[in-house]
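First up is the structure itself, then whatever we jot down about it.
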Ligand SMILES: [Zn+2]
Ligand SMILES: [Zn+2]
C-alpha cells in the first residue's frame, strides 16, 4: 500500500518536474528569441546608462566647443549648460517624471506587445501568402534559396529600414488622423524636453506605431522566410551596432541641446535638432520631421524640415492647448474626452484660456 503510494507520488513528482522543465525550456527559448530580436534597433529603454552616458558625453563636447571665448571651464558651468534649472525645475519636467514612474511600464508593455505580436503574426501571414502565390505559378513552395552571409546582411538591413519606415508611417498617422492625434498630443504637450519626455506617451498612442512597425518588418521576415526555407540567421551584431550608434545621440532629441547634422546629412539621417523642430508649435514647424533614424522618408513625403541655422523653438501645442495637460489624471483622461468629441463630429474643446500660465521655466 505504502509502496504503491510512494510510487504514485514519485510518478506525479517526476511528471510535474518534467512539465516545469518543459516550461522553463520554452520560456528560455522565448527569451533567447527576444535577445536576438530584430527590434533591438528600437529605442526602448531610452534611460539605459549607455544612452545617458552618450547624452552626457556629447553635451560635454558641445559645451567645450560652444562656451564663450575665454570662459574658464568649471563643473558648475557645464552642469548649467547640460541641466539648466529652466528645464529640470519646469512643471512639465516634474510631470514627465511622475508620468514615467507611473506610466513608463504600461507604455513599454503596450508598445512591445503590439510590436512583437504583429511582427510574428504578419510574418506568418505573409510567408503563407507568398507560398500560395508561388504555387499558383508552378511547382514547389518557393525559390528554395540557401542563406549566405550577404543574404543575412541584406535581411538585417531590410529589417532596420522596414522598422524605421513603419515608425514613420505610424507616427505620420498619429498626427494626421484626428482620433489618433488626440492620443499623440500627450507627447507634444511637453513644454520643455528632457530624456524623460521619451516616456511621455499615452499607451493608446503606441498601438498604431507598434502595428505599422510590426506590419513592415513582418513583411520582410515573411519574404525572407519564404525565399530561404532553411531559415536565415539574424545578424545580431548589425542590430546592436545600429542600436548603439543611434542611441548615443538619441537622448538629445528630447533635450534643450541643439545638435544638427548639417544640411546634406540632415536629408538622410534625422538629427536631434530635427526632432526638436518636430516638437515646435510655430506654424512652420508643425507636422514636420516624423522620422526616427532616417529622415529620408520625410524627404520623400515632403515633410522634411532641415534647419539651415540654429532656431528658437517654442515647444508644445499650438495656442496654449498644452497647458491643459497639467496633471497625471489629465494626461490619461483628456485624450479619451477629446477623442469622444472627435467621434461625435465636434471639434475638440478649446484651450482653457482663463488659466494663463508662463510657458517659460519656473526658475527660482
Ligand atoms: Zn509627433
Ligand atoms: Zn518627441
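In our numbering, the protein residues as written are 737 to 1100.
Each residue gets a CB set at the ideal place from its N, CA and C atoms; glycine is no exception.
In this structure, residue 1021 has its beta carbon at no less than 7 Å from each heavy atom of ligand 1. Check the Cα spacing between residue 844 and each of 936, 877, 818: the tightest is with 936.
Judged by their CB atoms, residue 878 and residue 867 are nearer to each other than the 8 Å cut-off. DSSP places residue 1016 in the strand class (E or B) of the three-state scheme.
Cβ contact annotation for residue 857 (same chain, cutoff 8 Å, sequence separation greater than five): 950, 954, in chain order. When the Cα atoms are used, residue 1040 and residue 946 turn out to be separated by approximately 23 Å. In terms of CA proximity to residue 876, 965 leads the group 1025, 1003, 965, 985. The distance from the Cβ of residue 942 to that of residue 994 is about 28 Å, inconsistent with a contact at the 8 Å cut-off.
Considered as a whole, the region 823 to 883 harbours 827 to 873 as its complete alpha helix (DSSP H) runs of no fewer than 4 residues, in chain order.
The beta carbon of residue 849 sits closer than 8 Å to those of 946, all from its chain and outside the five residues before and after it, given in chain order. Set against 7 Å, the gap from the CB of residue 992 to the closest heavy atom of ligand 1 is not smaller. Spanning the alpha carbons of residue 1011 and residue 886 requires a straight line of approximately 33 Å. Bridge pairing for residue 1028: absent [DSSP]. Sorting 871, 746, 817 by C-alpha distance to the C-alpha of residue 804 places 817 at the top. For residue 1058, the distance from the CB to the nearest heavy atom of ligand 2 is not below 7 Å.
Restricted to the region 1051 to 1078, not a single beta strand (DSSP E) segment is unbroken, complete and at least 3 residues in length. Comparing alpha-carbon positions, the option among 926, 1074, 1029 lying closest to residue 897 turns out to be 1029.
From the listed residues 1009, 1036, 882, the smallest Cα separation to residue 1044 is found for 1009. Restricted to the region 888 to 947, the alpha helix (DSSP H) segments that are unbroken, complete and at least 4 residues in length are 914 to 924, listed in chain order.
One alpha carbon belongs to residue 984, the other to residue 791, and they sit about 7 Å apart.
A straight line joining the alpha-carbon of residue 970 with that of residue 851 spans about 18 Å. Your pair residue 956 and residue 895 checks out as a contact, with CB atoms roughly 5 Å apart and the cut at 8 Å. The three-state secondary structure of residue 1005, taken from DSSP, is strand. Of all alpha-carbon atoms in 986, 939, 927, the one lying nearest the alpha-carbon of residue 1059 is that of 927. Inclusion of residue 996 and residue 1022 in the CB contact set at 8 Å is not warranted, their separation being larger than that value.
Proximity to ligand 1 was defined by a C-beta distance below 7 Å to any of its heavy atoms, and the residues meeting it, in sequence along the chain, are 907, 910, 911, 920, 923, 924, 1014, 1026.
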